[in-house]
Amino acid sequence: MDVFIAGMGSFLPSRVVTNEILATLKGIDADWISKKTGIHKRFIARHGVGTPEMASAVAQEALAQADVVPEDLGLIVVASAFHPSFPNPTTSEQLRRKIGAQTRVFDLTAPDHGFLTALEVGYCWVARYGTCALVVGAEGFSHATDLKDRRTCYQLSDGAGAVVLSGRHGHLRLVGEQLSGPDPASFTALLSNEAGSEVHVIGQLRDSTDFAPTSKVKVHDPFSETGDLLSAALPLSLISTLQSETWAGGDRLLLSSVRPDRGWSARRVEVLTIPQWPARRDVEISSSDGDRGPHELDMETLRTEISAAVATPACNALALVWLDLDLSGAGSAELQAAAEEETRALLRRQTRQSDTLFKLAGKPAYALLLRHLDENDCHRICARLQVVLENLDPAGEVPVRVAIASEVYPGNIPVGEWACNVVARLASVQL
17 MDVFIAGMGS
27 FLPSRVVTNE
37 ILATLKGIDA
47 DWISKKTGIH
57 KRFIARHGVG
67 TPEMASAVAQ
77 EALAQADVVP
87 EDLGLIVVAS
97 AFHPSFPNPT
107 TSEQLRRKIG
117 AQTRVFDLTA
127 PDHGFLTALE
137 VGYCWVARYG
147 TCALVVGAEG
157 FSHATDLKDR
167 RTCYQLSDGA
177 GAVVLSGRHG
187 HLRLVGEQLS
197 GPDPASFTAL
207 LSNEAGSEVH
217 VIGQLRDSTD
227 FAPTSKVKVH
237 DPFSETGDLL
247 SAALPLSLIS
257 TLQSETWAGG
267 DRLLLSSVRP
277 DRGWSARRVE
287 VLTIPQWPAR
297 RDVEISSSDG
307 DRGPHELDME
317 TLRTEISAAV
327 ATPACNALAL
337 VWLDLDLSGA
347 GSAELQAAAE
357 EETRALLRRQ
367 TRQSDTLFKL
377 AGKPAYALLL
387 RHLDENDCHR
397 ICARLQVVLE
407 NLDPAGEVPV
417 RVAIASEVYP
427 GNIPVGEWAC
437 NVVARLASVQ
447 L
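295 is the number that my numbering gives to position 279 of the sequence shown; each next residue is one higher, with no gaps.
Next up, the structure:
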């Protein structure tokens, strides 16, 4: 049975971080970053736009292009190296809820060949059962990246791409079975044996020094202009290439992922027709303003956040944690300021993209709104935060004592009543 790519969707955030911007932050030369990593820019999603949100956007775009409704899907596979809410709820489950599908879902974590592996799973599903499959590659690395870490801050990027696989119709046809090999040399041998018309190699071929393009083999590798997108790289490269080139029926593509130390995978694809592409989005999807730092605590804003969180399908999985930091032993104002800054940075690293962090104005106290957590989860997080924060010692002489309290939404009282109660309790914190 033939399997087709019937629809495609892509998303790159509008916020671009160039090497010049990073060089300003790090105090180093932009050319050094280019030579060290091969990357010139990367894309960073705004606060509130994580892996599930990007996956939902590209999924809906791919479904619309394929003229497939969510109810027609038999399988959803999400390939990602970074699942922000691991282990539960899974990214694929969040995606299923967001698009309103009722079907089988699972996450696949295989960073280098993730999308191709997910594509093979979708191919086998459609070939065997006939119903459509949605395959998504999505990465939200910026929410887990420490910009102070020189080892990783240049490398990773945010983005997502999706394809809808169908057994009835499509713009591209998957040809044969998935190919693989142990090293770049065997990948080069594969290309040298390709006969006939031009072959367009699409994907990230980073560090594949044994391979060089020829008159018959064209390479489309956006790594330098997007940063490392891992599972999202291949679908984004495919869509970008289809949009930027002139194609004819019968043209051949080779979807590829090549890593010298982890082998390669590839999939042959035949171009049948070129789809109509929607206008590109110039704004963020479902994003909120601000960065990953804590919001100054405004009671009305917090009440609104609580109401919005409880309105989600997991309406009984919400907790509010507040942290009262005792910095009385910190000594000088400079040491207290250092402890405050370290605390903020630590809390940003410890929280997930789905959480919201507030700070009481003028006081070393914070409120943390945790989504999709039951009471046991909340207690575990409180215990972990208490240990981590009490071990905080940025200047070598700053003892930090932490008082943590929490409340979990019980699900059996009006949302407004619970929101007012926790806001009032938080407002009563006295330092």
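Backbone N, C-alpha and C fix where the C-beta goes; we use that ideal spot for every residue, glycine too.
Review point. For VAL299, which residues of its own chain have a beta-carbon under 6 angstroms away from its beta-carbon, when the five flanking residues on both sides are left out?
Key: Reliability of the predicted coordinates at VAL299 is poor, the pLDDT of 36 falling under 50, and no value is obtained from them.
Point to revise | Best match in THR147, LEU28, GLY192 and PHE20 for proximity to LEU252 [C-alpha to C-alpha] | key: Selected option, being the one with the closest Cα: LEU28.
Check your understanding: Quick one, are the C-beta atoms of PHE59 and ARG189 less than 7 angstroms apart?
Key -> Result no, Cβ atoms of PHE59 and ARG189 do not sit closer than 7 angstroms.
Review point. Looking only at C-alpha atoms, which of VAL180, ASP277 and ARG400 sits nearest to VAL337?
Key: Measuring from the Cα of VAL337, the nearest candidate turns out to be ARG400.
Exercise for review: Taking only the alpha-carbon atoms, compute the straight-line gap between VAL32 and ASP128 and give it to the nearest angstrom.
Suggested key: Approximately 23 angstroms between the Cα atoms of the pair.
Check your understanding: How would you label SER208, buried or exposed, when you count the other beta carbons within 10 angstroms and need 16 or more for buried?
Key -> In the assembly as shown, SER208 is an exposed residue. Its beta-carbon has fewer than 16 other beta-carbons within 10 Å.
Exercise for review: Can you tell me the Cβ-Cβ gap for GLN81 and GLY146, rounded? I've got them flagged as a contact below 8 angstroms.
Suggested key: Not confirmed; about 20 angstroms, so no contact.
Exercise for review: Thinking SER108 and PHE131 are a contact (beta carbons under 8 angstroms), I'd like their distance in whole angstroms, please.
Suggested key: That pair is no contact at about 14 angstroms.
Review point. To the nearest whole angstrom, what separates the beta carbons of ALA248 and GLU155, a pair I think is in contact under 8 angstroms?
Key: Rounded, the Cβ-Cβ distance is 5 angstroms, consistent with contact.
**Study point:** Euclidean distance between Cα positions of GLU36 and ASP45
**Key:** Using only the alpha carbons, I get a separation of about 8 angstroms.
**Study point:** Local Cβ density within 10 Å of THR225, reported as buried at 16 or more and exposed below that
**Key:** Annotation note: pLDDT 43 at THR225 (below 50); position unreliable, coordinate value reported separately. By the neighbour-count rule (16 or more Cβ atoms within 10 Å), THR225 is not buried but exposed.
Review point. Hey, quick one: how far does the beta strand (DSSP E) through GLY266 stretch, first residue to last?
Key: DSSP places GLY266 outside any beta strand (DSSP E), giving it a letter other than H or E.
Practice item. Decide if MET17 is buried, meaning its Cβ has at least 16 other Cβ atoms within 10 Å, or exposed. Key: When all chains shown are included, MET17 counts as exposed.
Point to revise | Reduced DSSP category for TRP293 - H, G, I as helix; E, B as strand; rest coil | key: Residue state, collapsed to three classes: coil.
Check your understanding: Between HIS185 and the rest of its own chain, which residues show a CB-CB distance below 7 angstroms, the 5 nearest in sequence each way excluded?
Key -> Here the set comprises PHE20 and ALA22.
Exercise for review: Give the DSSP bridge partners of TYR382, in chain order.
Suggested key: Answer by DSSP bridge pairing, in chain order: LEU339 and LYS375.
Review point. Do you know how far the Cα of GLN194 is from the Cα of LEU339?
Key: Looking at the two C-alpha atoms, the distance is approximately 52 angstroms.
Review point. DSSP puts LEU124 in a beta bridge; with which residues?
Key: Answer by DSSP bridge pairing, in chain order: ALA95.
Practice item. Please state if the CB of SER273 and the CB of SER281 are separated by a distance shorter than 7 angstroms. Key: For SER281 and SER273, yes; Cβs fall inside 7 angstroms.
Check your understanding: On the premise that LEU269 lies in contact with HIS187, defined as a C-beta separation below 8 angstroms, what is that separation, rounded to the nearest angstrom?
Key -> Not a contact, Cβ separation roughly 11 angstroms.
Check your understanding: When you compare each of ILE218, ALA71 and GLU286 to SER256 by their alpha carbons, which one comes out closest?
Key -> The residue with the shortest Cα to Cα distance from SER256 is ILE218.
**Study point:** For MET70, three-class secondary structure by DSSP
**Key:** Helix, per DSSP.
Practice item. Go through its chain and collect everything with a Cβ distance to ALA75's Cβ below 7 angstroms, but skip five positions before and after it. Key: Here ALA75 has GLY25, LEU111, ILE115, LEU150, VAL152 and ALA178 as same chain residues with Cβ atoms under 7 angstroms from its own Cβ, once five neighbours each way along the sequence are excluded.
Review point. DSSP puts ILE21 in a beta bridge; with which residues?
Key: According to DSSP, ILE21 shares a beta bridge with LEU181 and LEU188.
Review point. Out of curiosity, what's the CA-to-CA distance linking PRO86 and ALA73?
Key: Near 13 angstroms, if we compare the C-alpha coordinates of ALA73 and PRO86.
Point to revise | Boundaries of the beta strand (DSSP E) in which ARG284 is found, first to last residue | key: Following the DSSP letters along the chain, one finds ARG284 inside the beta strand (DSSP E) bounded by residues 279-287.
**Study point:** Pick from LEU124, ARG62, TRP263 and PHE239 that is closest to GLN91, judged by C-alpha positions
**Key:** It should be pointed out that residue 91 corresponds to Leu in this sequence rather than to Gln. Proximity to LEU91 across LEU124, ARG62, TRP263 and PHE239 peaks at LEU124, based on C-alpha coordinates.
Check your understanding: Along the chain, where does the alpha helix (DSSP H) that runs through LYS51 open and close?
Key -> Element bounds for LYS51: 46-53.
**Study point:** Cross-strand partners of ILE60 (DSSP beta bridge)
**Key:** Beta-bridge pairing links ILE60 to ARG31.
Exercise for review: Kindly indicate which three-state DSSP category ASP244 falls into: helix, strand or coil?
Suggested key: In the structure shown, ASP244 adopts extended strand secondary structure according to DSSP, grouped into three states.
Check your understanding: Relative to the alpha-carbon of VAL287, which residue among LEU271, PRO426 and PRO68 has its alpha-carbon at the smallest distance?
Key -> Comparing alpha carbon positions, the residue from LEU271, PRO426 and PRO68 closest to VAL287 is LEU271.
Practice item. Would you kindly work out how many angstroms separate the C-alpha atoms of ARG275 and GLN292, rounded to a whole number? Key: If you draw a straight line from the Cα of ARG275 to the Cα of GLN292, it is about 33 angstroms long.
Check your understanding: When DSSP builds the beta bridges, which residues end up paired with GLY156?
Key -> Partner(s): ASP174.
Check your understanding: SER304 to GLY66, Cα distance in whole Å?
Key -> Only weak support is given to the placement of SER304: the predicted model assigns it a pLDDT of 37, under 50, and the value that follows is read from those uncertain coordinates. Looking at the backbone, the Cα of SER304 and that of GLY66 are separated by about 11 angstroms.
Check your understanding: Is VAL142 near GLY183, with beta carbons less than 7 angstroms apart?
Key -> Yes; because the gap between Cβ atoms is below 7 angstroms, this pair is in contact.
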